[in-house]
Each structure stands twice: as structure tokens, then as C-alpha cells.
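Enquirer:
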């Protein structure tokens, strides 16, 4: 029973992966006024704290910078900074296989 549930989950995941890849070939020049595609970048990292990037006030009190991230800082300064979307919870799926 548990194996069947894991198997169906993996099948659903692979199917959604292939379907999302098919949408990547979409041509965004259908609208004559829209000559560019969407400009959205998701950066998903592991073990990165809120204050580890310079654009998010890295070590503002001590002034000591552990990591220098000039390109990420420039990209964040030109775009939208979502400061209320931080989570400290686990974002992994734990499965127990028999």
C-alpha cells in the first residue's frame, strides 16, 4: 500500500515536470506590443539566512561582511525585494521507503 502511494506520487511528479517543460516553448511574441518575455527569476538556495546577502542588510550592526555578493545586490536593488516572504521551516519532502 505504501509503495503504491510513493509510486503514484513519483508518477505525478514526473508527469507535472514534463507538462511544465512543454510550456517553456511558448512564444511570447503573439502580442505585437510585447517583444520580450517575462523577466522573473527564482533563486532557491539552501542554508542561506535573511542577513547573508548585502542587499538585505547583511550584518548591519557589526559591519562585517562574510560573503560579498555584488551581482545579487545589484539585481535586488533594480528589482522588487520581498522582505515578508522568508520562512525558517523545512522545505523538503521526507519519505520513508520500506
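Numbering (the numbering used here), first residue to last: 9 to 106.
Beta carbons: idealized from backbone N, C-alpha and C, even for Gly.
Got a sec, what are the start and stop residues for the alpha helix (DSSP H) residue 85 sits in?
Expert: Here residue 85 is taken as the residue at index 77 of the chain shown, counted from 1. Note, residue 85: alpha helix (DSSP H), 78-86.
Enquirer: Leaving out the 5 sequence neighbours to the left and right, which residues in its chain are closer than 8 Å to residue 18 when beta-carbon positions are compared?
Expert: Within the chain shown, residue 18 is the residue found at index 10, counting from 1. Within the same chain, residue 18 has no close Cβ partners at all.
Enquirer: Using alpha carbons as the reference points, say which of 13, 83 and 14 lies closest to residue 49.
Expert: Counted from its first residue, the chain shown places residue 49 at position 41. Of 13, 83 and 14, the residue nearest in Cα terms is 83.
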